[in-house]
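Scroll down for the structure; my scribbles are underneath it.
Numbering (the numbering used here), first residue to last: 4 to 240.
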């Protein structure tokens, strides 16, 4: 009888030790799975390694938020996670991405024209634009995302964004968009003169504050010497 108990004890210790060892080897994957479930993220990647002092490095990272139906793809991504303002209440992600394009679950056709303010604001988030470098810091909560800083730079478009995006489609964000000379050819000239400012190398930009419901926010465009409040504007996908 003592030998049977000893064998059971040793077997139990072996099973627990093996389980802990497997969990240790796969801790990053387990953590990513937990984060995806807890914060409504769908995450996939080709390869992942943990680099000391750098964080998690991914190849072909694809992530979408299941509640917002939007996300991005990055050929190479470095993410340094940490706990946010309260344990398990939120998570902070400090990131650097290379070769990025935005994605939507609900695909939409390319706009033929960009003659409304809402179409202009949605333009940088179309999947056809490639951003060479994207950096930022976001805090993810169970009910939304706080963008502390976000900057995307590409050959055709540049984007700066801060603010709050909630899963119930409420937003309060400040956005600055810069357009290259080639992209400006797709935008009616009258918009250039009314809301855009000149930038170096023939680029133009405008800044807007969007607040309210994501599909019909109130928009406030601010320039050097003016401020235009457009009230509620419907955004079409």
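Note that the Cβ used here is the ideal one computed from N, Cα and C, for glycine as well.
Could you check which residue in 222, 116, 81, 51 has the C-alpha nearest to that of residue 102? The alpha carbon of residue 102 has as its nearest neighbour, out of 222, 116, 81, 51, the alpha carbon of 81.
6 Å CB neighbourhood of residue 203 in its chain, flanking five on each side removed: Correct list: empty, nothing qualifies.
Out of 71, 216, 165, 171, state which residue places its alpha-carbon closest to the alpha-carbon of residue 180. Checked all of 71, 216, 165, 171; the closest Cα to residue 180 is 165.
Please go through the region 151-175 and give each complete beta strand (DSSP E) segment of 3 or more residues, from N-terminal end onward. As far as the region 151-175 is concerned, its whole beta strand (DSSP E) runs of at least 3 residues are 160-169.
In chain order, what residues of the same chain lie with their CB nearer than 8 Å to the CB of residue 151, ignoring the 5 residues before and after it? Result list for residue 151: 139, 140, 141, 142, 165, in chain order.
DSSP state of residue 207 mapped onto helix, strand, coil: Reduced to three states, the DSSP call for residue 207 is strand.
Figure out for me which residue from 75, 160, 78, 47 has the closest Cα to the Cα of residue 189. It is 160.
Are the CB atoms of residue 58 and residue 66 nearer to each other than 8 Å? Not closer than 8 Å, so no.
Does the Cβ-Cβ distance between residue 185 and residue 212 come in under 8 Å? Contact: no.
For the candidate residues 70, 120, 47, 191, whose alpha-carbon lies nearest to that of residue 210? Cα-wise, what sits closest to residue 210 is 120.
By how many angstroms is the C-alpha of residue 45 removed from the C-alpha of residue 162? Between residue 162 and residue 45, the C-alpha separation is close to 24 Å.
Write down every uninterrupted run of the beta strand (DSSP E) in the region 56-103 whose length is 3 residues or greater and which is fully enclosed by it, in chain order. Listed in chain order, the beta strand (DSSP E) runs fully inside the region 56-103 are 58-68, 73-86, counting runs of at least 3 residues.
Per DSSP, what kind of secondary structure is residue 191 in: helix, strand or coil? Residue 191 falls in the coil class under three-state DSSP.
Proximity to residue 63 [Cα-Cα], best of 56, 52, 69, 71: Out of 56, 52, 69, 71, 52 has the C-alpha closest to the C-alpha of residue 63.
Nearest candidate by alpha-carbon position, reference residue 97, set 104, 87, 106, 105: Distance check between residue 97 and each of 104, 87, 106, 105 places 87 closest, using alpha-carbon atoms only.
Helix, strand or coil, according to DSSP, for residue 185 in the structure here? Residue 185 falls in the helix class under three-state DSSP.
Rounded to whole angstroms, what's the CA-CA distance from residue 170 to residue 215? Just pull it up for me. Looking at the two C-alpha atoms, the distance is approximately 12 Å.
One or two residues paired with residue 200 in a DSSP bridge: For residue 200, which the question treats as bridged, DSSP gives the partners 208.
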